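Taken in order, these protein sequences are the chains called Z and P.
Take 18 as the starting number for the first sequence in this note's numbering and just add one per residue.
Take 18 as the starting number for the second sequence in this note's numbering and just add one per residue.
Beta carbons are placed, not taken as given, at the ideal position from N, Cα and C, and that holds for glycine.
Quick caveat, the model's predicted, so the values are computed rather than measured.
Data first, discussion second: the structure below is written as structure tokens.
2 protein chains.
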Amino acid sequence: MELLENRIRKDGRIGAGNVLKVDSFLNHQIDVPFLSLLGEEFYRLYKDSGVTKILTIEASGIGVACLTAAHFGVPVVFAKKTHTNNIYADVYTSSVYSYTHQRSYDIVVSKQFLSPGDRVLIIDDFLAKGSALLALLSLIKDAGAEVVGAGIVIEKAYQNGGQIVREMGIRVESLARVASMTEAEGVRFC
Amino acid sequence: MELLENRIRKDGRIGAGNVLKVDSFLNHQIDVPFLSLLGEEFYRLYKDSGVTKILTIEASGIGVACLTAAHFGVPVVFAKKTHTNNIYADVYTSSVYSYTHQRSYDIVVSKQFLSPGDRVLIIDDFLAKGSALLALLSLIKDAGAEVVGAGIVIEKAYQNGGQIVREMGIRVESLARVASMTEAEGVRFC
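Dropping the structure here:
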């Protein structure tokens, strides 16, 4: 999506550890009118998929998920992060490994909010090695719900998360796919 | 706001420790079209206040903040929770005491995203003893920005947070004000 690629070129910064910082519009400050345009694009891509619910993960997925859901007219459910290892009877639980923080944490969703009748679209801000996305897919599977696909704002296509999930037969639509990024050459898109 | 009071009567549950659970529409599952109506009401209340930015706190404030900001056409900034005590040079920091979890945590906002020229509307899902709201006000003050007021979805009016903040001369608009709640009698509004 050219609009997004241009915005990343303009406002994205490459930080220490080859991190792409887009916190001026995506995940600390949220440019709401702009993210609503991204949501409209996800709607265009998935409008015929019978989406009944959007699933994301706290905290940085919530903004784009809500601004996407507004186009679909469906609810958002966000998986909550927890550092306790308790397994509660009333939640679905899955484990995410954070490469940024080099540790695992669990995510949970109340069983009330994912059901066999649901057709779920996953929305998230980033896809890199796919740990969070795989964990969300596991929650949907546990609930007996159906996944219609994933909508990702920025995919780091030089990492293998997108490939793993697509090879599972899951539709993944990323609005920007980063081929490479270096401080010297900036961000290059696929 | 009658629409909200009716929804709380219908879907709110009073849990252990006198907690009002509204996670079916507000802070775990998010009823996006409904929260957009709440956002429209915040817009009606604050549309003449020259709001340039909406400030909230992760994670449960982000949904309603984004769906309010969509009416104003302004960005959202969400304060991030951190459990480290490091004070970074590039962030404003403030401390919140959580009565639910009985411990303190810090919240931070990058200095890039709050400036002296900003007229800030705080949006949050709950107001009880006011610890989070006071911490957000402190961040705004540190930034030299101006607060135009706070928009709260549910105020527990039998606790004193709202009174403390209003006595500071800050405008606080709560869409539902709970006077009392018990398992026997349910929720009563002011």
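Boundaries of the alpha helix (DSSP H) around Z:ASP159: 148–160.
With a 10 Å radius around the Cβ and a threshold of 16 neighbouring Cβ atoms, P:ASP135 comes out buried. Residue nearest to Z:ALA196 within the set Z:VAL189, Z:GLY186, Z:ASN177 is Z:ASN177 (criterion: CA-CA distance). In the three-state scheme derived from DSSP, where H, G and I count as helix and E and B as strand, Z:ARG61 is classed as helix. In this structure, the beta-carbon distance from Z:LEU144 to Z:GLY179 falls below 8 angstroms.
Between P:ALA76 and chain Z, the shortest Cβ-Cβ separation is below 8 angstroms.
Of all alpha-carbon atoms in P:SER53, P:VAL126, P:LYS146, the one lying nearest the alpha-carbon of P:THR99 is that of P:VAL126.
In the three-state reduction of the DSSP assignment, Z:ASP28 falls in the helix class, which pools H, G and I. Going by beta carbons, P:ILE157 and P:ALA193 fall outside the 8 angstroms limit. For P:ILE140, the enclosing beta strand (DSSP E) starts and ends at 136–144. Here DSSP, grouped into helix, strand and coil, assigns P:GLU184 to helix.
For Z:ALA193, the pairing in a beta bridge is given by DSSP as Z:ILE171. In the DSSP annotation of this structure, Z:PHE130 is not part of any beta strand (DSSP E), being labelled neither H nor E.
Straight-line measurement puts the Cα of Z:ALA106 at about 22 angstroms from the Cα of Z:VAL93. Within the same chain, PHE89, VAL91, ARG136, VAL137, LEU138, VAL165 come within 8 angstroms of Z:VAL68 by CB-CB distance, once the 5 residues on both sides are set aside. At a cut-off of 8 angstroms between beta carbons, Z:LEU84 contacts chain P. The distance from the Cβ of Z:ILE140 to that of Z:GLY168 is about 5 angstroms, consistent with a contact at the 8 angstroms cut-off. Here Z:ARG120 is exposed. Its C-beta has fewer than 16 other C-beta atoms within 10 Å. Distance from the Cα of P:GLN46 is smallest, within the candidate group P:HIS118, P:SER53, P:GLY203, P:SER77, for P:SER77. In terms of Cβ geometry, Z:PHE42 and Z:ASP28 form a close pair [threshold 8 angstroms]. Chain order gives no chain P residues near Z:GLY134, where near means a beta carbon separation below 9 angstroms; the closest approach is about 15 angstroms. When Cβ-Cβ separations below 8 angstroms define contact, P:ILE187 makes no contact with chain Z. Cβ proximity to chain Z below 8 angstroms picks out ASP48, VAL49, PRO50, LEU52, SER53 from the segment 48–61 of chain P. Boundaries of the alpha helix (DSSP H) around P:PHE89: 79–89. The beta carbon of P:LYS97 sits closer than 8 angstroms to some beta carbon of chain Z. Taking 8 angstroms as the cut-off, the Cβ atoms of Z:GLY56 and Z:ALA96 do not count as close. Taking CB atoms only, P:SER66 has no neighbour in chain Z less than 8 angstroms away.
Rounded to the nearest angstrom, the Cβ distance from P:CYS83 to Z:GLY80 is 5 angstroms, consistent with a contact under 8 angstroms. Shown here for P:ILE71: same chain residues with a beta carbon closer than 8 angstroms to its own, the five before and five after excluded, namely ALA82, THR85, ALA86, PHE89, VAL91, PRO92, VAL93, VAL94, VAL137, LEU138, ILE139, ILE140 in chain order. Cβ-Cβ distances below 6 angstroms link P:PHE59 to THR85, GLY168 in the same chain, with the five nearest sequence neighbours on each side left out; the list follows chain order.
The C-beta of Z:PHE130 comes closer than 8 angstroms to at least one C-beta of chain P.
As computed with DSSP, Z:MET198 is found in a beta bridge with Z:VAL204.
One Cα belongs to P:SER132, the other to P:ASP159, and the distance between them is close to 9 angstroms. Scanning chain Z for C-beta atoms nearer than 9 angstroms to the C-beta of P:ASP40 yields SER127, GLN129, PHE130, reported in chain order. P:ILE139 is outside the set of residues whose beta carbon lies under 8 angstroms from a beta carbon in chain Z. Proximity to Z:TYR116 across Z:GLY34, Z:THR199, Z:LEU154, Z:ASN44 peaks at Z:GLY34, based on C-alpha coordinates.
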